[in-house]
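A quick write-up on the structure given underneath.
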Amino acid sequence: MTQTPTQHRLPLRYADFVTLAEALDYAAGGETGFNFYDGRGGLKTSLPYAELCERSVATARRFQAMGLEPGARVALVADTVAGFAECFFACQYAGLVPVPLPVTVGLGSRDAYVAQLRGLLDSCRASIALAPEEFMPFLMQAADQMSLAYIGAFETLDQLPKADALERRDGADVTAYLQYTSGSTKFPRGVVISQRQVMQNLSSIVTRGVQIRSDDRLASWLPLYHDMGLVGCMLAALTSQRSVDYLATRHFAMRPRLWLGLISRNRATISFSPSFGYELCARRIRHNATDFDLSCWRIAGAGAETIRPASLQRFAETLAPAKFDDSAFLACYGMAECSLAISFAPVGEGLSVDTVDAETVANDHRAVPVTGHDANRTTEFVDCGDVLPEYEFEIRDDSGSPLGDREIGHIFVRGPSVMSGYFNDPDASKASLSSDNWLDTGDLGYRIGRRVVITGRAKDLIIVNGRNIWPQDLEWLAESQDELRPGDALAFAAPSMTGRDAAVLVIQCRLRETGARNELTRRLEGLVRREYGIECLVEAVAPHTLPRTSSGKLSRSGARRDYVARLQRQARARSDSEEAETLAASNARSQYAG
Amino acid sequence: MSRRDDIAAHLREILQPYLPPDRVIEPDTRLVDDVGLSSMQIMEVMMELEDALDASIPQNILPEVETFEQLVAAIDARI
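Chains as they are written, first to last, in the working numbering: chain F, 1 to 594; chain R, 1001 to 1079.
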């Protein structure tokens, strides 16, 4: 087997199609396609777009033989395999709505994973649920007692009867897919994106964002249930007829070298990752960087979580012997609610870091540039580049008035690729999307002309290692412990002294005895680790001490502020440079403000 | 030494650096709750184990596994 070529004779079209199905029809005329690699870096499946098209149409006919309503949801466990791509595009032809579901392989995570799948199947009201064979036990258990029209494995779909002919149901206003913005078990939110919306965004991504060329080839380990993996890589590559080399996320996490090996060997030119992916490489690649030749890598995209310049810098230094050029770094900003992309930094210029006065940021909400080198008084933010021209955007203060350049506030955007709303959730839709279609991104930042700089999140999403964790889930976990009641827990992300965000869970607890309190916080840390695979600092405070907003609601941002203040007080008290993580950990265990 | 003992010996050695100071590995030691492995550390352990055993370990065994002994048994059954 050989991988699909990088170049072919089919003239490059820049995602100028009405629908994704049309884009695949066109790509099928060339020789490029998807290539799936195994956990040792060997080519497992090569799927040229011509074959993907043929197989997707066949699967679409099988779906249509089931007699479903147009727009019915097809839930797909989005493992990085050919079967997922086939089913996703079968939906595009058949007028059904694919819903990518997460893949989890955490230790002891079975129950949490099954509950998560169940929540998502229920939320999207799936008619069909499909998974790779090896994930079927989880899917079957999750769908237990649900009335689905069909549940089965990608591998056995070809045994199903086909409709006589395909009745194509694609069109600009047809829903292209439902994208769940988090793996939240209790509060899933599915972003509804139409063909028009996603095609608009894809054409901007390929023409402006990465300025795609006929000699481009993509490599990716990003999960396909994540917007950057699905839209930014899979759909962007297909709608511009480029080849992609895929590595499953778990194989990357285990052996980060495989990613760089793929890029080097296949001469990939474009590959994106959250900061933590670059960090993982820098940490795990301690020798033999010269095994790779990364001189081909012209766009090393960074997005999906706060971009940490130091992590990227370390990656660039580690991989300099492999001819990695740090001008390939390209910061971008986006979210599933906008199909994907909102802004891109210019191609080929590397990271642009805005160094501003830390005091003015904290006290005055303004980002005033400084040239000094006093790291204690400055803060660095990454410039995420120009907002794409089709968007209007505003930075607003708390009362909703637009702010000027370098004033920090809430980022709002309006444009043709913004979602229609959250599936079946009018309250959540109304909270994010105004009646005149302005989207509250939930992020905080400032503008410099049309450039946007992200400073943090107003929404309370916790992002650790590129994973989205919703505070509600951690709070719910805490409140389901016998010792605690609803309203006793607040979760949020707080920067640890290493600069990375860490999850923090503050509980107000009536237990007076230290041993019992410690047992509870340790138990919670273990539960979070098991269910979400992340470290979480659990801190117990006295009853009635969790902060509330003026309207009496529990305030996560207040709890975060209190927590950071406590940490700073402790740090000052100790004054010496104790290792930051140790401090935070011991603090979380021992402090009891009662 | 049986293959199972071999797997257990390798895993025990690989887990050493991750252990909290006051902890030793018992068959029923829970890898997440007791050892405190994060999801990224689990991946590092699996990589080292694959290298030590020169075998590839299917990762979909992990969700079913909680203890040291269960992991050894699951690997023994699947490689």
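Backbone N, C-alpha and C define an ideal beta-carbon position, used for all residues, glycine too. Just so you know, these numbers come straight off a predicted model, no measurement behind them.
Element boundaries [alpha helix (DSSP H), containing residue i]
i: Q195 (chain F); result: Q195 to S204
i: L76 (chain F); result: Counting along the chain, L76 (chain F) falls outside any alpha helix (DSSP H), though it belongs to the beta strand (DSSP E) covering R73 to V77.
i: D25 (chain F); result: L20 to A27
i: E1048 (chain R); result: S1039 to L1053
i: H251 (chain F); result: T249 to M254
i: T239 (chain F); result: A236 to T239
i: E359 (chain F); result: A358 to D364
i: G277 (chain F); result: S275 to R284
Spatially closest choice to residue i from the options, by CA coordinates
i: A322 (chain F); options: F:A358, F:A336, F:L260 and F:F329; result: F:L260
i: D482 (chain F); options: F:L511, F:L130, F:P495 and F:Y278; result: F:L511
i: M419 (chain F); options: F:E134, F:D398, F:S435 and F:T306; result: F:S435
i: D398 (chain F); options: F:H365, F:V370, F:F423 and F:D386; result: F:H365
i: N288 (chain F); options: F:R13, F:F272 and F:A320; result: F:A320
i: V1065 (chain R); options: F:R523, F:R110 and F:S555; result: F:R110
i: S339 (chain F); options: F:A236, F:D562, F:L505 and F:E22; result: F:A236
i: Y49 (chain F); options: F:S432, F:P188, F:P223 and F:L238; result: F:L238
i: H226 (chain F); options: F:A15, F:L20, F:T80 and F:A428; result: F:T80
Residue i in three-state terms, based on DSSP
i: C536 (chain F); result: strand
i: E305 (chain F); result: coil
i: N35 (chain F); result: strand
i: I395 (chain F); result: strand
i: C509 (chain F); result: coil
i: T1067 (chain R); result: strand
i: G183 (chain F); result: Unreliable placement is indicated for G183 (chain F), whose pLDDT of 49 sits below 50; no coordinate value is reported for it.
i: Y14 (chain F); result: coil
i: D111 (chain F); result: helix
i: I448 (chain F); result: strand
i: R62 (chain F); result: helix
i: N288 (chain F); result: coil
i: T207 (chain F); result: helix
i: P426 (chain F); result: helix
i: Y225 (chain F); result: coil
i: A559 (chain F); result: helix
i: E380 (chain F); result: strand
i: P495 (chain F); result: strand
i: A565 (chain F); result: helix
i: A489 (chain F); result: strand
i: F135 (chain F); result: helix
i: D245 (chain F); result: strand
Same chain, Cβ closer than 6 Å to residue i, neighbours up to 5 away in sequence not counted
i: P416 (chain F); result: Q200 and E390
i: D354 (chain F); result: F381, D383 and V453
i: G183 (chain F); result: Below a pLDDT of 50, predicted positions are generally treated as unreliable, and G183 (chain F), at 49, falls in that range; the measurement from the model is reported next regardless. These residues qualify, in order along the chain: P102 and Q116.
i: Y278 (chain F); result: S311, L312 and F315
Nonlocal neighbours in the same chain, by C-beta distance under 8 Å from residue i, ignoring five residues either side
i: A1073 (chain R); result: R1004
i: I462 (chain F); result: N468, I469, W470, P471, L474, A491, F492, A493, D501 and A503
i: C296 (chain F); result: I263, S264, R267, A268 and T269
i: I1057 (chain R); result: M1046, L1049, E1050, I1075, R1078 and I1079
i: G624 (chain F); result: For residue 624 (chain F) there is no data in the structure shown, the boundaries of chain F being 1 and 594.
Beta-carbon proximity check, residue i vs residue j, cutoff 8 Å
i: L117 (chain F); j: L139 (chain F); result: yes
i: A282 (chain F); j: F315 (chain F); result: yes
i: M234 (chain F); j: A304 (chain F); result: no
i: E605 (chain F); j: E133 (chain F); result: In this structure chain F extends from 1 to 594, so residue 605 (chain F) is not present and cannot be described.
i: V368 (chain F); j: F393 (chain F); result: no
i: R298 (chain F); j: I270 (chain F); result: yes
i: V77 (chain F); j: V103 (chain F); result: yes
i: V244 (chain F); j: N437 (chain F); result: no
i: A331 (chain F); j: A302 (chain F); result: yes
i: R447 (chain F); j: I395 (chain F); result: yes
i: V595 (chain F); j: G421 (chain F); result: Residue 595 (chain F) lies beyond the residue range present for chain F, which begins at 1 and ends at 594; the question has no answer from this structure.
i: G95 (chain F); j: D25 (chain F); result: no
i: E519 (chain F); j: V538 (chain F); result: no
i: V174 (chain F); j: Q195 (chain F); result: yes
i: Y32 (chain F); j: T4 (chain F); result: The amino acid at residue 32 (chain F) is misidentified as Tyr; the sequence shows Thr. Yes, they are a contact pair.
i: S275 (chain F); j: R308 (chain F); result: yes
i: M1040 (chain R); j: A253 (chain F); result: yes
i: Y93 (chain F); j: S56 (chain F); result: yes
i: S220 (chain F); j: Y246 (chain F); result: yes
i: G29 (chain F); j: L10 (chain F); result: yes
Contact test: residue i Cβ vs the ligand NAD heavy atom, cutoff 7 Å
i: E539 (chain F); result: The ligand NAD is not among the ligands present in this structure, which contains no ligands whatsoever.
Endpoints, the beta strand (DSSP E) within which residue i is located
i: I411 (chain F); result: G409 to R414
Own chain residues within Cβ distance below 7 Å of residue i, not counting five before or after
i: G350 (chain F); result: D326, S327 and F329
i: K44 (chain F); result: F36, Y37 and D38
i: T371 (chain F); result: none
What residues in the segment 1022 to 1049 of chain R have a beta carbon less than 8 Å from any beta carbon of chain B? The structure shown contains no chain B; its protein chains are F and R.
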